[in-house]
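The structure under discussion appears below in the form of structure tokens.
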Ligand code: ADP
């Protein structure tokens with residue numbers, strides 16, 4: 006009991022601890038952050054993969070302005086993902102800016118691109134030396150030939166995201182400041198680049214968050230605002246579980262992630278609820294187990310107590326008739342009795358006591374045979390009326406001697422029935438004997454034998470102390486004796502009725518009791534007339 010309670014207590018404490026310390030949420034947070042980090046890494050590689058091929062085709066100052074313009078136009082035509090490309094040579098102060106030729110019919114696009122090129126024309130000459138140094142350092146130190154910059158601008162009352170990849174074109178001598186810029190188009194980023202990136206991250210095999218019930222969803226929003234700018238198809242709104250600002254390529258943008266259709270708080274409370282349910286079920290099982298063990302142990306203890314009561318009762322029952330037999334036999338042996346009736350009385354007492362002994366020993370022997378499964382019955386076609394009459398005849402004297410009114414009622418239409426003579430006679434004697442033992446002032450015993458509904462019924466009725474309703478089922482159990490004070494002062498082993506029941510059932514019948522405390526009891530043994538009923542019962 007104590008270890009079980011300790012185990013349950015520990016389980017509950019542990020769950021409470023997990024709940025309070027937010028361990029479940031923390032584990033999810035770690036996973037979310039991990040996935041966002043992977044996403045940013047991938048974005049960096051993807052951006053590189055887009056810009057690197059352009060860099061290798063980029064013109065340098067060896068070419069004339071017209072050639073440079075033609076080259077930039079060609080590159081842009083081949084790569085619609087860029088909105089414009091810029092070239093700057095500090096030595097000749099040559100600035101060339103070209104817009105995506107494929108979209109010159111889109112006024113919105115043209116407007117914002119021209120605006121950006123115009124601005125670039127003014128700030129690039131000022132910053133070029135500084136930028137070129139930065140690129141050279143990155144190339145030497147990190148082996149990164151392209152750098153990126155990005156952010157939001159307000160254009161025509163509209164927030165536009167711009168992104169520039171910049172580099173030194175190939176074959177530019179170290180002492181020259183020449184730069185190439187390409188701008189990743191906003192529409193391309195929003196409609197293709199980021200959706201592909203998110204799908205790639207979310208569907209990747211090493212996505213630790215992947216699960217069927219609640220797939221993870223991502224979105225990208227301006228770093229300073231939480232409204233989604235680009236979202237994965239399954240983004241269902243709500244607060245992200247984790248966020249990460251882009252640091253390398255897509256400055257001023259942030260990544261956000263959550264589960265579709267649920268929140269971590271919900272999942273954590275579901276997890277705890279599930280664990281509490283399992284714990285409660287286990288506790289219930291454990292309590293059930295303890296209860297069963299307790300019931301078994303107490304049943305065993307009760308049986309042990311009944312057995313020791315039985316031994317005490319039986320020894321007492323054996324000793325009393327033996328002592329009486331010895332006392333009267335010794336008196337007879339002394340030969341001092343004068344009156345003839347005294348002799349008769351003493352012989353009768355000796356006979357009666359030895360009969361009681363025989364009955365008791367027969368009960369005990371029968372009981373032990375039944376317990377060992379060795380009890381066998383000898384069924385023979387029997388005239389039950391005759392059997393009951395002769396059994397009662399040898400008892401009648403004793404019954405009347407004890408001051409009992411005795412009524413015998415044997416119906417004339419009893420058919421022959423297949424029974425074990427001895428067993429039925431013993432059952433009858435047990436019932437009559439109980440009626441004798443458990444009666445006080447109202448001394449009456451009635452025995453009836455009659456036919457009813459395919460069976461023959463043998464009834465023994467008394468007007469004795471009766472049996473409480475709650476005990477009427479138990480009296481047929483072995484060793485059971487009622488709590489009535491008279492029962493305790495009366496000798497008995499608690500075996501008689503359990504034998505009667507066994508015998509009745511072996512005959513395919515049963516025994517029942519009707520009883521009212523202080524009014525009396527009626528025991529009825531019902532025996533089927535048709536022998537196949539008995540065979541069926543025996544088989545079952
Ligand atoms: P016992 O040896 O105690 O008589 P039984 O198995 O014959 O054992 O009876 C079990 C118990 O049933 C008795 O101890 C008694 O309490 C109760 N009992 C049996 N017959 C009667 C009866 N005719 N009237 C009242 N109580 C009875």
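In my numbering, the protein residues as written are 6 to 545. Note that the Cβ used here is the ideal one computed from N, Cα and C, for glycine as well.
Are the beta-carbon atoms of residue i and residue j separated by less than 7 Å?
i: residue 488; j: residue 448; result: no
i: residue 246; j: residue 259; result: no
i: residue 90; j: residue 183; result: no
i: residue 319; j: residue 498; result: yes
i: residue 36; j: residue 214; result: yes
i: residue 532; j: residue 460; result: yes
i: residue 152; j: residue 168; result: no
i: residue 457; j: residue 483; result: no
i: residue 469; j: residue 525; result: yes
i: residue 415; j: residue 390; result: yes
i: residue 350; j: residue 326; result: no
i: residue 121; j: residue 95; result: no
i: residue 87; j: residue 155; result: no
i: residue 440; j: residue 478; result: no
In angstroms with no decimal places, state the Cα-to-Cα distance between residue i and residue j.
i: residue 528; j: residue 328; result: 32 Å
i: residue 315; j: residue 434; result: 20 Å
i: residue 38; j: residue 288; result: 38 Å
i: residue 220; j: residue 194; result: 24 Å
i: residue 143; j: residue 16; result: 56 Å
i: residue 52; j: residue 251; result: 13 Å
i: residue 111; j: residue 161; result: 15 Å
i: residue 277; j: residue 43; result: 30 Å
i: residue 229; j: residue 12; result: 51 Å
i: residue 187; j: residue 101; result: 12 Å
i: residue 333; j: residue 417; result: 42 Å
i: residue 304; j: residue 323; result: 28 Å
i: residue 285; j: residue 28; result: 22 Å
i: residue 47; j: residue 211; result: 13 Å
i: residue 55; j: residue 185; result: 14 Å
i: residue 274; j: residue 263; result: 16 Å
i: residue 70; j: residue 148; result: 30 Å
i: residue 339; j: residue 321; result: 27 Å
i: residue 34; j: residue 265; result: 15 Å
i: residue 203; j: residue 243; result: 18 Å
Assuming residue i and residue j form a contact by the criterion Cβ under 8 Å, report the distance between their Cβ atoms to the nearest whole angstrom.
i: residue 424; j: residue 387; result: 5 Å
i: residue 199; j: residue 225; result: 5 Å
i: residue 76; j: residue 85; result: 17 Å between Cβ atoms; not a contact.
i: residue 430; j: residue 392; result: 6 Å
i: residue 521; j: residue 436; result: Contact flag wrong, Cβ pair sits at about 17 Å.
i: residue 501; j: residue 368; result: 6 Å
i: residue 222; j: residue 209; result: Going by Cβ atoms, the distance from residue 222 to residue 209 rounds to 15 Å, so no, they are not a contact pair.
i: residue 138; j: residue 107; result: With a Cβ gap of about 34 Å, residue 138 and residue 107 do not count as contacting.
Within its chain, find whatever has a CB closer than 7 Å to the CB of residue i; leave out the 5 residues flanking it on each side and keep chain order.
i: residue 57; result: 151
i: residue 80; result: 59, 62, 90
i: residue 382; result: 425, 428, 511
i: residue 41; result: 247, 249, 260, 262
i: residue 136; result: 171, 184
i: residue 507; result: 375
i: residue 536; result: 423
Taking 8 Å as the limit between beta carbons, can you name the residues of its chain near residue i, skipping five residues before and five after?
i: residue 61; result: 175
i: residue 165; result: 117, 157, 158, 159, 191
i: residue 420; result: 456, 461, 534
Kindly list the residues whose CB is nearer than 6 Å to the CB of residue i, restricted to its own chain and excluding five residues on each side of it in sequence; keep chain order.
i: residue 8; result: none
i: residue 337; result: 351
On the three-pair Cβ rule with 8 Å, is the region 11-30 touching the region 294-307?
no
contact_flag[the region 351-367, the region 391-398] where n(CB pairs < 8 Å) is 3 or more:
no
Check whether the region 81-97 and the region 121-129 touch, using three or more Cβ-Cβ pairs below 8 Å as the test.
yes
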